[in-house]
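K.L.:
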Amino acid sequence: MKHKALVITVSVFALLVLGSFLLGVVSYLFVSSDEDGLKSVFSSGEVGLVNIEGGIYFSHDIVERLDKYRNDKSIKAVVVRIESPGGSLAASQEIYEAIKRVAKEKPVIASMGDVAASGGYYVACGANKIVANPGTITGSIGVRMELVQIGELLTWAKIQHETLKSGKFKDIGSPDRPLTLEERELLEKLLVEMHGQFKKTVSESRDIKLDKLNEIADGRVFTGEQAKELGLVDELGGLFDAVQIAGKLAGIKGEPNVVEKYKDEEDWWVKYFFESAMTRLDKIISESLIKKINSNYSIR
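Going by my numbering, the first residue of the sequence shown is number 4, and it counts up by one from there.
1) Kindly provide the ranges of any beta strand (DSSP E) runs that are 3 or more residues long and lie completely inside the segment 76 to 126, ordered along the chain.
2) Enumerate in chain order the residues of its own chain whose CB-to-CB distance from lysine 203 is below 8 angstroms, with the five nearest sequence positions on each side excluded.
3) Keeping to the same chain, check which residues put their C-beta closer than 7 angstroms to that of aspartate 179; ignore five residues upstream and five downstream.
4) Using C-beta distances below 8 angstroms, list every residue in its chain close to alanine 94, excluding the 5 sequence neighbours before and after it, in chain order.
5) Grab me the residues of glycine 116's own chain with a C-beta within less than 6 angstroms of its C-beta, minus the 5 sequence neighbours each way, in chain order.
6) Kindly indicate which three-state DSSP category valine 66 falls into: helix, strand or coil?
7) If you compare alpha carbons, which of Gly145, Leu189, Ile98 is closest to leucine 64?
8) With valine 111 and valine 83 assumed to form a contact (beta carbons below 8 angstroms), what rounded beta-carbon distance in angstroms separates them?
9) Tell me whether the segment 227 to 246 and the segment 126 to 142 touch, counting them as touching only if at least three CB pairs, one residue from each stretch, are closer than 8 angstroms.
10) Please classify asparagine 217 as buried or exposed, where buried requires at least 16 other C-beta atoms within 10 Å of its C-beta.
11) Does valine 146 come out as helix, strand or coil in the three-state DSSP assignment?
12) In the structure shown, what three-state DSSP assignment does alanine 130 receive?
13) Apart from the five residues just before and just after leucine 190, which ones in its own chain have a Cβ nearer than 8 angstroms to its Cβ?
14) What does the alpha-carbon distance come out to for the pair phenylalanine 243 and aspartate 221?
15) Whole angstroms are fine: how far does the CA of serine 114 sit from the CA of valine 224?
16) To which residues of the same chain is lysine 71 closer than 6 angstroms at the C-beta, ignoring the five residues directly before and after it?
17) Do valine 262 and leucine 69 have their C-beta atoms closer together than 8 angstroms?
18) Measuring CA to CA, which of Tyr125, Glu185, Ile248, Ala80 is closest to valine 205?
19) According to DSSP, is valine 261 part of a helix, a strand, or is it coil?
20) Which value, in whole angstroms, describes the spacing of the CA atoms of serine 143 and alanine 253?
21) What is the residue span of the beta strand (DSSP E) that leucine 156 lies within?
22) Quick check: what's the CA-CA separation for glycine 240 versus arginine 187?
23) Quick check on lysine 107: buried or exposed, where buried means 16 or more other Cβ atoms within 10 Å of its Cβ?
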């Protein structure tokens, strides 16, 4: 009798645990505030979301996530959300190439937020379609190099500085002296070459002839609406619209289920100490640019 009672007690307890688990699953699916669980039930595929925010100086994490999305069969399309004023050319090129790899196998939509300029626009060119808000600040097809000279300050502070080098250009751009004419010409040629790479990418990805592109690829910025008229973006809309377009191109039935997978939580301290300074500086610059534009062209 005691053995039978124990079996009954264990069985009842197991049923209660199972019932609680099933109730939790049902609650998640039908009561979740973001309705992601419900969407996963009625959706025939997932749309992977990748956020690119702040300055583009490091590409590894984003490239890795894009490659994982490319190999993930549950991901039917990808939306790349861009909130960036730009960054380094090489990092932008690596992300651009990663987006292109995904775009060859599944739809990729670039969604522009407040700012997607310079390197931010560069990476967007790898997508199948680019969606921008009418008021998005984009374009800025150009490159720049900034050099600071503190030679007079060092002299005033009576600080002596010496440089030993193995070649005459090894200390080019040194802050303790002005550029020589030969150095200036060398750096200007470098900028022309980098600008040419940028323009070639835009020309090929957007199907715009270089002669026509040269008229606008001088570093100027555009609103999303202007960019659409120039052929730099495809559609006007927000993130919601980009997701809908991605779902449609991927043949997803029902509401697309947007997911963010493969977030790299390791080495967070590296991202904080090495990326946050650049990102925050770029954010301050981009926000001040937006405020200045809005103050000059506010809707009244």
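Virtual Cβ for every residue (Gly too), placed ideally from N, Cα, C.
P.N.:
So, from the data block:
1) 78 to 87, 111 to 120
2) By 1-based counting over the sequence shown, the position of residue 203 is 200. The residues are Leu213.
3) Position 176 of the sequence shown, counted from the first residue, corresponds to residue 179. Here the set comprises Ile153, Gly154, Leu157, His164.
4) Indexing the sequence shown from 1 puts residue 94 at position 91. Cβ neighbours of alanine 94 beyond the five flanking positions: Ile59, Tyr60, Phe61, Ser62, Gly122.
5) Start at 1 with the first residue of the sequence shown, and residue 116 comes out as number 113. Once the five neighbours on either side are set aside, the close Cβ partners of glycine 116 are Glu86.
6) The sequence position of residue 66 within the sequence shown is 63, counting from 1. Of the three classes helix, strand and coil, the one that applies to valine 66 here is helix, per DSSP.
7) Position 61 of the sequence shown holds residue 64. Checking the sequence shown, residue 64 turns out to be aspartate, not leucine. Ranking the options by Cα distance to aspartate 64, first place goes to Ile98.
8) Here the question's residue 111 lines up with position 108 in the sequence shown. Here the question's residue 83 lines up with position 80 in the sequence shown. About 6 angstroms separates the two Cβ atoms, so the contact holds.
9) yes
10) Along the sequence shown, one-based indexing puts residue 217 at 214. Looking at its Cβ environment, which holds fewer than 16 other Cβ atoms inside 10 Å, asparagine 217 is exposed.
11) Sequence index remark: in the sequence shown, residue 146 carries index 143 (1-based). Reduced to three states, the DSSP call for valine 146 is coil.
12) As a working mapping, residue 130 is identified with position 127 in the sequence shown. It is coil, neither helix nor strand.
13) Here the question's residue 190 lines up with position 187 in the sequence shown. Hits under 8 angstroms: Met148, Ile175, Gly176, Leu182.
14) Taking the sequence shown and counting its residues from 1, the one referred to as residue 243 is at position 240. Taking the sequence shown and counting its residues from 1, the one referred to as residue 221 is at position 218. Distance between the alpha carbons of phenylalanine 243 and aspartate 221: 32 angstroms.
15) Reading the sequence shown from its first residue, position 221 is the one you call residue 224. Reading the sequence shown from its first residue, position 111 is the one you call residue 114. Whole-angstrom Cα-Cα distance: 17 angstroms.
16) Translated into the one-based positions of the sequence shown, residue 71 becomes position 68. Closer than 6 angstroms at the Cβ level, and outside the excluded window around lysine 71, lie Tyr265.
17) Position 259 of the sequence shown holds residue 262. Position 66 of the sequence shown holds residue 69. Their beta carbons are not under 8 angstroms apart, which means valine 262 does not touch leucine 69 by this criterion.
18) Here residue 205 refers to the residue found at position 202 of the sequence shown. Checking every option, the nearest Cα to that of valine 205 belongs to Tyr125.
19) Within the sequence shown, the letter at position 258 stands for residue 261. The answer is strand: DSSP assigns valine 261 an E or B state.
20) Position 140 of the sequence shown holds residue 143. Position 250 of the sequence shown holds residue 253. Approximately 31 angstroms, taken between the alpha carbons.
21) On the sequence shown, residue 156 is found 153 positions in, with the first residue counted as 1. Unbroken run through leucine 156 is the alpha helix (DSSP H), 154 to 159; no beta strand (DSSP E).
22) Taking the first residue of the sequence shown as 1, we reach residue 240 at position 237. Taking the first residue of the sequence shown as 1, we reach residue 187 at position 184. Cα-Cα distance, rounded: 43 angstroms.
23) For this step, residue 107 is matched to residue 104 along the sequence shown. Exposed.
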